[in-house]
Amino acid sequence: MTPQDLVLTSKGLRFLGRYFPCTIGKGGISASKREGDGASPSGVHDLVGMLYRPDRIKKPTPWAEPIGPRDLWSDDISDPDYNHVVKAPSRFSHEKLRRSDPLYDLVIATDWNWPYSEPGKGSAIFIHQWRRPGFATEGCVALSRLDLHWIARNLHSSSRLIIPEV
Numbered sequence: 089m090t091p092q093d094l095v096l097t098s099k100g101l102r103f104l105g106r107y108f109p110c111t112i113g114k115g116g117i118s119a120s121k122r123e124g125d126g127a128s129p130s131g132v133h134d135l136v137g138m139l140y141r142p143d144r145i146k147k148p149t150p151w152a153e154p155i156g157p158r159d160l161w162s163d164d165i166s167d168p169d170y171n172h173v174v175k176a177p178s179r180f181s182h183e184k185l186r187r188s189d190p191l192y193d194l195v196i197a198t199d200w201n202w203p204y205s206e207p208g209k210g211s212a213i214f215i216h217q218w219r220r221p222g223f224a225t226e227g228c229v230a231l232s233r234l235d236l237h238w239i240a241r242n243l244h245s246s247s248r249l250i251i252p253e254v
């Protein structure tokens with residue numbers, strides 16, 4: 089572990105010596121994550137991308153990629169592109185990345201079950217904005233908008249998300 093890692097602790101998400109209140113999956117933490125279980129997967133997760141809504145926020149880092157109107161994330165285990173960005177229209181189950189609410193205005197993607205996805209092992213494990221303090225996610229780690237943007241601006245190329253087993 090380094091100070092550049094995002095580490096889930098009982099005090100919140102630790103990053104660069106600071107603690108940030110956060111929420112995790114409604115299914116708690118799991119060492120055997122499955123699609124739809126609502127759990128946040130334990131382990132050490134590389135950060136593999138950052139997506140943002142260019143119609144709502146400025147580009148947070150030089151390596152961030154814009155979310156377009158047709159961008160989706162496949163969560164369908166029968167989709168050959170399961171747990172990857174896909175384009176609309178899609179006949180498979182998916183999440184819209186360009187949401188009407190602000191939850192995905194800024195998304196930091198992890199390497200959970202990516203790039204070589206095992207169907208059913210879980211998809212779309214992101215770091216994103218929370219709905220409100222204490223409101224659990226479907227498995228992601230969520231933070232206040234202000235904290236998420238601060239973290240995004242200060243990420244290091246070697247930063248990882250570390251979720252210890254409980």
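Under this note's numbering, residues 89 to 254 are what the sequence shown spells out, in order. By construction, the Cβ of each residue, glycine as well, lies at the ideal position given by its N, Cα and C atoms.
Close CB contacts of D167 within its chain, under the 7 angstroms cut and outside five residues either way in sequence, are with F180 (chain order).
Approximately 23 angstroms separates the beta-carbon atoms of L96 and Y140; this is outside 8 angstroms, ruling out the contact. At a Cβ-Cβ threshold of 8 angstroms, L101 and S247 do not count as neighbours. Here DSSP, grouped into helix, strand and coil, assigns R141 to coil. Of A224, R233, W238, the smallest CA-CA separation from S128 is found for A224. Between the segment 198-211 and the segment 142-159 there are fewer than three inter-stretch CB-CB distances shorter than 8 angstroms, so the stretches are not counted as touching.
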